[in-house]
Every structure is written in structure tokens, then in C-alpha cells.
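Everything on this sheet refers to the single structure shown next.
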Amino acid sequence: MPDGTYSPPAPVQQLDTGELVVDFHGEDGRHQVFHLSQMPLPGWHAALAQALAIRLGPAGARRTLASARSEWQTVRRFLRILTQLPRPPSAPSQLRTTHVEIWHRRRMTETGDKRAAAELRAIGALLGTDAFSNHIGSEPMDYLQRWVRTSDPAPTSGYSDRELHSLITAARTDVVSLRDRLRVSGELLDQARRAPQDLDPAQRQQAALLARIASDGEVPWPGGEFGAGQRRRRELAAQIFVTIYDVAPLLVLGIALTGRNVETLKELPVEHRILEAAPSRSV
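Count along the sequence shown from 1, add 623, and you get the number used in the working numbering.
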């Protein structure tokens with residue numbers, strides 16, 4: 624966290640060259656600067672930069688780099704198609720309903736109804752921001768909002784309370800098992816370092832094997848037929864490492880406890896700081 628008084632950067636910045644840029648900092652830890660000079664129709668750039676700053680900012684709907692790039696590409700396609708019209712709207716105030724209709728029909732031809740409807744919702748949300756409130760006429764906005772309402776995808780039912788409880792309980796059980804599994808191996812290795820004489824021969828042999836695996840990451844082949852050998856090798860690795868089979872319950876429990884989406888959780892770095900000490904408790 625910053626020391627002292629913190630002034631966040633302006634959502635829209637103007638470079639020395641006069642170019643407008645929008646800074647994006649996603650919840651997935653990724654960052655990108657979007658340059659408005661890459662967009663056609665310069666007369667749209669000022670309002671568009673403000674609208675994108677709203678959509679891609681901390682309170683916006685796009686919180687990962689992938690979703691921000693998708694919004695950016697949708698807007699670029701929208702403006703590019705407008706430039707190909709006989710009389711392109713050189714400024715937002717010149718946008719007419721016929722312009723939107725032509726763009727929408729072309730996207731339906733190119734991508735199909737479902738994708739075109741998704742892009743129409745994105746453009747409708749962008750042009751519906753305060754940045755365009757005094758620039759876009761009522762007729763094209765009415766058209767966009769009417770289509771946005773009628774093309775919203777039908778809601779799908781979520782999990783019932785019983786199903787959600789069962790999923791979280793299963794994930795929690797698997798994560799507790801993972802925690803206990805790694806804790807047992809850690810305690811065995813710790814005891815082998817501190818007091819190896821307290822271990823029986825089998826425990827000392829197991830501790831030496833786990834220590835070697837932990838040091839170089841190489842899990843030895845246990846011998847036998849391929850299928851059985853693979854299974855025993857995987858079980859041996861699981862005593863030291865988090866395996867691919869542990870990832871799903873970790874992500875499910877992480878989503879349930881934090882409310883973050885799976886893409887954000889997958890991008891979390893190992894490096895972290897504990898800002899507030901929490902009381903010790905079980906998973």
C-alpha cells in the first residue's frame with residue numbers, strides 16, 4: 624500500500640504527443656495501456672476515452688485483461704465498420720439509428736446472432752455511459768437499449784441451496800485432506816532433521832525419500848507395470864506437492880470464500896503481503 628497521501632493516476636491521460644490513453648489495471652494483476660490513436664474516427668476519441676475509463680476502471684464491468692481486450696476490440700470493429708459507410712459519422716453527435724442498424728446486420732452476417740447480440744450489448748453499455756450522455760441522439764440510443772433489453776440471454780438457473788452446500792462441503796473436505804496430507808509429510812521431515820533417532824527404520828527411509836524429492840522435484844519411478852507404477856508415483860508426489868487433482872477443490876473453495884472468479888484466482892501470484900493478521904482457524 625502506498626505511503627502517505629496517494630493520488631491515483633487520472634483514468635484518461637494525454638501524452639506529450641496529444642494522444643489519449645486509458646490505463647487498465649485488472650483484478651487478475653495484469654496491466655495494459657490502450658492507445659486511442661489505434662481507433663479510427665478521431666472525433667470520437669475524447670468521449671470514447673472517458674467511456675472506456677468508466678467501463679475498464681475500478682467500478683467498471685471489465686475486471687480482467689481478457690475482458691478489457693474484448694471490449695476494446697468490439698469498439699474498434701464498431702468504429703471501423705462506421706468508417707466504411709458512404710457518410711461515416713465523424714463525431715458521436717452524428718450517429719444515427721441507420722448507422723447502428725447497418726453495423727448490427729453486418730455483425731450478424733459475420734458472426735451469427737448470438738455473438739452480434741453480445742457485441743450490441745457491449746456497445747449499448749459503452750454509449751450509455753455519462754461520457755456520451757450529451758453526444759448521442761435519443762433515437763440511436765433508444766434503438767440500442769431496445770435491442771439490449773430484447774437480446775439479453777435468458778437467465779439460467781444456478782445451483783440450489785442443497786447442491787451448492789454439497790459442492791462446497793466436498794471442496795472443503797478435499798482441501799482439508801490436502802492440508803493434512805502435506806502437514807504429515809512436513810512433520811515427518813522436520814522430525815527427521817531434529818531427532819532422527821526417534822523414527823523407526825521405515826520412517827527414516829520414507830523421510831529420506833521425501834527429502835530427496837523436495838530438494839530436486841524429481842519423483843522416482845516405483846517400478847512395476849505402467850498403470851500401477853504411475854498411480855504409486857502420483858501418490859508419492861502428492862505427499863510433497865499440490866497435484867493437478869488438488870486444483871479443482873482449491874479453486875472451488877477459493878471462489879466460494881472470496882467471491883472472485885476462477886480466472887482471477889488462477890492469476891494470483893505467489894508473492895503476497897499479510898496486511899492484517901487473522902486468528903488461526905481451520906479451513
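All residues carry an ideal CB built from backbone N, CA and C; glycine is no exception.
Model, not experiment: these values are computed from the prediction.
Item, Value
"Relative to the C-alpha of Pro-872, which candidate in Glu-890, Thr-720, Arg-802, Leu-891 has its C-alpha closest?", "Arg-802"
"If you drop the 5 nearest sequence neighbours on each side, which residues of the same chain put their C-beta closer than 7 Å to that of Gly-666?", "Ser-713, Ala-714"
"Grouping DSSP H, G and I as helix and E and B as strand, with all else coil, what is Asp-646?", "strand"
"Hey, how far is the Cα of Leu-812 from the Cα of Arg-827?", "9 Å"
"Tell me which residues share the same chain as Gly-846 and place their Cβ nearer than 8 Å to its Cβ, disregarding the 5 neighbours each side in the sequence.", "Gly-852"
"Determine the direct distance from the alpha carbon of Glu-858 to that of Phe-849, and round the result to whole angstroms.", "14 Å"
"Hey, Val-842 and Arg-856: beta-carbon distance below 8 Å or not?", "yes"
"Mind checking who Pro-657 pairs with in its DSSP beta bridge?", "It should be noted that the sequence gives Phe, not Pro, for residue 657. Phe-657 pairs with Val-645."
"Give the straight-line distance between the Cα atoms of Asp-736 and Ala-837, rounded to the nearest whole angstrom.", "53 Å"
"Rounded to whole angstroms, how far is the Cβ of Ala-754 from the Cβ of Gln-673, which I believe are closer than 8 Å?", "4 Å"
"Should Arg-710 be labelled buried (16 or more other beta-carbon atoms within 10 Å of its own) or exposed?", "exposed"
"Measure the C-alpha to C-alpha separation of Ala-689 and Thr-697 and round it to an integer number of angstroms.", "12 Å"
"Using a Cβ-Cβ cut-off of 8 Å (strictly less than) and excluding sequence neighbours within five positions of Glu-650, which residues of its own chain qualify?", "Arg-686, Thr-687, Arg-883, Thr-887"
"Three-state secondary structure (DSSP) at Val-635?", "strand"
"Helix, strand or coil for Asp-765? Go by DSSP, reduced to three states.", "helix"
"Can you tell me the Cα-Cα spacing of Asp-784 and Ala-676, whole angstroms?", "38 Å"
"State the DSSP-derived secondary structure class of His-895, mapped to helix, strand or coil.", "coil"
"What residue range does the alpha helix (DSSP H) around Phe-701 cover?", "688-706"
"Indicate the three-state DSSP secondary structure (helix, strand or coil) for Glu-890 in the structure shown.", "coil"
"Rounded to the nearest angstrom, what separates Ala-682 and Leu-659 at their Cα positions?", "21 Å"
"My understanding is that Ala-691 touches Leu-702, with C-beta atoms under 8 Å, so please give their C-beta distance in whole angstroms.", "No, Ala-691 and Leu-702 are not in contact; Cβ-Cβ is about 17 Å, not under 8 Å."
"Going by beta-carbon coordinates alone, are Leu-945 and Ile-746 separated by less than 8 Å?", "Any question about residue 945 goes unanswered here, given that the chain covers just 624 to 906."
"Excluding the five sequence neighbours on either side, which residues of its own chain have a C-beta within less than 8 Å of the C-beta of Asp-839, listed in chain order?", "none"
"What did DSSP end up calling Tyr-782 once you bin it into helix, strand or coil?", "coil"
"Looking at the structure shown, is Phe-864 part of a helix, part of a strand, or coil, going by DSSP?", "coil"
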